[in-house]
Structures are given as structure tokens and as C-alpha cells.
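Down below is the structure, laid out as C-alpha cells.
Residue numbers (the working numbering): 159 to 471.
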């Protein structure tokens, strides 16, 4: 039975090309196919999916497992024709987690050490000293305390930042003030000078980065979104920036990707844009994780990071 990589891959995509090479190297007998060259669809047993076309899973009558090529599964679950009963697994690895910690830490430090102002002043050849904000006086709030969120929170706490986290259910993380549930959401937000979104995208979290949320933050808060584009109400962010309630934002994910060339985010002086690169992971390690998952599935062993479809993660 075959494994299908279900993703639109550019011929020049170095990451994916290395990933495919590593899969073949680590398991030479693997019948690996790459969309759209799937061969006989009845032979497809496992799909490695990244933004799959709607309805495509119905083509594979013997499908036994779907592995997301990312840490989220919202694009997979968005398919109204997704077959029931097939396990779906999220992808995590040490390199992905480490890269997410690095990205968020960098974004926090760029704000804390005033690099955003310095970059603007460099363009106007302005030489001026700004006092750095001390880490111990800058509270960072983490929305989502899963694999990524908990590690980011622990790392920032070790750097002396006061860290608070919010999640759907109660969590306990050393050095992190934890909140949970809708009833504690406003209290959580009230002291977050930096707000980091690391939530999964579900019907409950879509649009959570909105005017109401921004208004509950201290004035002049900074936003970092490495969750999903649909977490953010884009017009509300622009309004928040105009009013000064939000001082700036670092965004790695967007409603439409690639971000349209005429989008106002491109030219906004207080928005940093990166093209969904926060945590791709190292392709050789990702290949090893996927091979292990495939082997566990075929031998009937429990699958790490299998999702609950009702929760959306």
C-alpha cells in the first residue's frame, strides 16, 4: 500500500525536496507518491497532507491515516466531505518546537529592545537613544498552552519575563501564571503587554484577535500571531494600530497566503511580516517522525498527537 504526499510542491522548494529524499532514504521500500501523480487511488493507505483540496480524501477508499504536515489540522478538517473514522495526526518535532521558541523569543526581544523604532529611525538617519524595557517589567501573555505554547512560555519565563498563559482547560506550568476558560479570559488579557497567539484554529478561536480582545489589553500592547491567519480580524488590528491601543505586530500567518500584493499590512510601518516560516522543522527530522508514525499505524500501536475531531486539535 502507498503513501501519498498531498501538497502543492514547487520544483524549486528545497525543504520539500530534501524531505522527500530523506523519506526515501530512511525507508527505501516505501511506496511514496507525490500529488497529483497518485497512481491507482485504491492503493493509497496514508496521506501526508498540507492544505489538501476539498473532497480529495474521498478518492482513496482504503485510506487508513492522515498525517498533517504541520502542527495544525484546520485545513484538513475544513473539508465537509472528510471521511469519518480515519485517524488524523498533528506533526510535532524537536526542531519545529525549537524553531517556534526561537521565532517568538526574537519577536519579543525586537519589541523589548526597541528595534522596531530604531529600524524606522535608521531610514530617516535619526540617531537617538531609547531606554530598553527591562524583561522583568514586560508581561508576555501566551494564548494556547499546548506543545508550542508551553515551551515558549517556559523559555520566556527563564529569561525573566513575567509570563501568563491562557488555555481552554486548566494547565500548570512552573513559572507561568495560568488562566483557563472564557470566564478568566479578560483577567488574563488585562496585564499582557505582549500577546502571543499559539492557539489551534477552531470555530471557537476563529477571530479571537479582535477589537474586544485588543481593548482588554494594556494600552500600547504588542501582538505576535504565529497561530493561524483566521485568528486575526485584520481590520480590527489596523484600527488598533491607528488608535495606539496596539503599538505594533509581528505576523507570520494570514487569511490568504501568499499575502496579496495590495494588502495594507505590507506597507504598514509597525507591522513585521514573515511568510509562514516560524517553525517548518528540519526535513530530515520530520521524515524520521513521519516514518515512525507510519510504522506505528501499520503495527497497530498508539499514535502520538492524534486529534479529537470534536475539539479540532
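Beta carbons: idealized from backbone N, C-alpha and C, even for Gly.
### Message
Do residue 444 and residue 253 have their beta-carbon atoms positioned less than 9 Å apart in this structure?
### Response
As a position in the chain shown, residue 253 is number 95, starting the count at 1. As a position in the chain shown, residue 444 is number 286, starting the count at 1. It is a contact, given that the beta carbons lie within the stated cut-off.
### Message
What does the Cβ neighbour count give for residue 351, buried or exposed, with the cut at 16 atoms within 10 Å?
### Response
If you number the chain shown from 1, residue 351 lands on position 193. Of the other Cβ atoms in all chains shown, 16 or more fall within 10 Å of the Cβ of residue 351; this residue is therefore buried.
### Query
What are the start and end residues of the beta strand (DSSP E) that includes residue 325?
The count along the chain shown starts at 1 and reaches residue 325 at position 167. Counting along the chain, the beta strand (DSSP E) containing residue 325 begins and ends at 321-325.
### Message
Classify residue 181: buried if its beta carbon has 16 or more other beta carbons within 10 angstroms, exposed otherwise.
### Response
For this step, residue 181 is matched to residue 23 along the chain shown. The residue is buried, with at least 16 neighbouring Cβ atoms inside 10 Å.
### Task
Determine the burial state of residue 301: buried for a count of at least 16 other Cβ atoms within 10 Å of its Cβ, exposed for fewer.
Indexing the chain shown from 1 puts residue 301 at position 143. Around the CB of residue 301, 16 or more other CB atoms lie within 10 Å, so the residue is classed as buried.
### Message
Restricting to Cα atoms, I'd like to know which of 222, 320, 233 is closest to residue 349.
### Response
Translated into the one-based positions of the chain shown, residue 349 becomes position 191. Here the closest residue by C-alpha is 320.
### Query
Touch check for the segment 225-232 and the segment 242-249: three-plus C-beta pairs under 8 Å?
Touching, yes, given that three or more Cβ pairs across the two stretches are closer than 8 Å.
### Query
Less than 9 Å separating the beta-carbons of residue 386 and residue 357?
The sequence position of residue 386 within the chain shown is 228, counting from 1. The sequence position of residue 357 within the chain shown is 199, counting from 1. Taking 9 Å as the Cβ cut-off, residue 386 and residue 357 qualify as a contacting pair.
### Message
Using C-beta distances below 7 Å, list every residue in its chain close to residue 193, excluding the 5 sequence neighbours before and after it, in chain order.
### Response
On the chain shown, position 35 is the one that residue 193 refers to. The beta carbon of residue 193 sits closer than 7 Å to the beta carbons of 162, 163, 164, 165 from its chain, once the five residues preceding and following it are set aside; these are given in chain order.
### Query
What does residue 464 pair with, by DSSP beta-bridge criteria?
In the chain shown, counting from the first residue as 1, residue 464 sits at position 306. Bridge partners of residue 464: 247.
### Task
Give the range of the alpha helix (DSSP H) segment to which residue 259 is assigned.
Translated into the one-based positions of the chain shown, residue 259 becomes position 101. DSSP places residue 259 in the uninterrupted alpha helix (DSSP H) bounded by 252-270.
### CB-CB length for residue 242 against residue 212, believed under 8 Å
For the purposes of this step, residue 242 is taken as residue 84 along the chain shown, with counting starting at 1. For the purposes of this step, residue 212 is taken as residue 54 along the chain shown, with counting starting at 1. Between the beta-carbon of residue 242 and that of residue 212 there is about 16 Å, and that puts the pair past the 8 Å contact cut.
### Buried/exposed call for residue 220, threshold 16 Cβ in 10 Å
For the purposes of this step, residue 220 is taken as the residue at position 62 of the chain shown. Flag for residue 220 reads exposed.
### Task
Could you round the C-beta distance between residue 204 and residue 455 to whole angstroms and report it? I think they count as a contact, below 8 Å.
Residue mapping note: residue 204 aligns to position 46 of the chain shown, counting from 1. Residue mapping note: residue 455 aligns to position 297 of the chain shown, counting from 1. That belief holds up - the Cβ atoms of residue 204 and residue 455 are roughly 7 Å apart, short of 8 Å.
### Query
Which residue's Cα is closest to the Cα of residue 446: 406, 185, 170?
Numbered from 1 along the chain shown, position 288 holds the residue referred to as residue 446. Its Cα nearest to that of residue 446, the residue 185 stands out among 406, 185, 170.
### Query
If you follow the alpha helix (DSSP H) that residue 345 is part of, which residue opens it and which one closes it?
Counting from one through the chain shown, the residue named residue 345 turns up at place 187. For residue 345, the enclosing alpha helix (DSSP H) covers residues 343-347.
### Query
Out of curiosity, what's the CA-to-CA distance linking residue 267 and residue 438?
Here residue 267 refers to the residue found at position 109 when the chain shown is read from its first residue. Here residue 438 refers to the residue found at position 280 when the chain shown is read from its first residue. CA-CA distance, residue 267 to residue 438, rounds to 21 Å.
### Task
Kindly identify the DSSP beta-bridge partner or partners of residue 218.
As a position in the chain shown, residue 218 is number 60, starting the count at 1. According to DSSP, which records beta bridges pairwise, residue 218 is partnered with nothing at all.
### Message
Alpha carbons only, please: which of 415, 170, 441 is nearest the one belonging to residue 233?
### Response
Translated into the one-based positions of the chain shown, residue 233 becomes position 75. From the listed residues 415, 170, 441, the smallest Cα separation to residue 233 is found for 415.
### Query
Is the segment 400-407 touching the segment 372-386 in the sense that three or more CB pairs, one from each, lie closer than 8 Å?
Pairwise C-beta distances place the segment 372-386 in contact with the segment 400-407, as three or more of them are shorter than 8 Å.
### Query
Which partner residues of residue 380 appear in the DSSP bridge assignment?
As a working mapping, residue 380 is identified with position 222 in the chain shown. Answer is 352, 406, bridged to residue 380.
#### Entry: Own chain, CB closer than 8 Å to residue 417, minus 5 neighbours either side, in chain order
The sequence position of residue 417 within the chain shown is 259, counting from 1. Apart from sequence neighbours up to five positions away, the residues of its chain that approach residue 417 with a beta-carbon distance below 8 Å are 423, 424, 431, 433, ordered along the chain.
### Secondary structure, beta strand (DSSP E): runs of 3+ residues fully inside the segment 159-223
Uninterrupted beta strand (DSSP E) stretches at least 3 residues long and entirely within the segment 159-223 occur at 160-164, 190-192, 202-207, given in chain order.
### Query
Whose C-beta lies closer than 6 Å to the C-beta of residue 270 among residues of the same chain, with five residues either side of it excluded?
Sequence index remark: in the chain shown, residue 270 carries index 112 (1-based). Non-local beta-carbon contacts of residue 270 in its own chain, meaning distances under 6 Å to residues more than five positions away in sequence, involve 291, 296 in chain order.
### Query
Taking the alpha helix (DSSP H) that residue 300 falls in, what are its first and last residues?
As a first step, residue 300 must be located in the chain shown, where it is residue number 142. Counted as a single uninterrupted DSSP element, the stretch harbouring residue 300 is not any alpha helix (DSSP H) but the beta strand (DSSP E) occupying residues 298-301.
### Task
From the DSSP output, read off the bridge partner residues of residue 226.
Mapped onto the chain shown, residue 226 falls at position 68. According to DSSP, which records beta bridges pairwise, residue 226 is partnered with 207.
### Task
Report the rounded CA-to-CA distance for residue 419 versus residue 459, giving the unit in angstroms.
In the chain shown, residue 419 corresponds to position 261, counting from 1. In the chain shown, residue 459 corresponds to position 301, counting from 1. So the two alpha carbons sit approximately 46 Å from each other.
### Task
Give me the Cα-Cα distance between residue 378 and residue 336, rounded to the nearest whole angstrom.
Numbered from its first residue, the chain shown carries residue 378 at position 220. Numbered from its first residue, the chain shown carries residue 336 at position 178. If you take the alpha carbons of residue 378 and residue 336, they lie about 23 Å apart.
#### Entry: Counterpart residues of residue 118 in DSSP-defined beta bridges
Residue 118 is absent from the model: the chain starts at 159 and stops at 471.
### Query
CA-CA distance, residue 328 and residue 308?
Position 170 of the chain shown, counted from the start, is the residue given in the question as residue 328. Position 150 of the chain shown, counted from the start, is the residue given in the question as residue 308. Take the alpha-carbon of residue 328 and the one of residue 308: they are about 13 Å apart.
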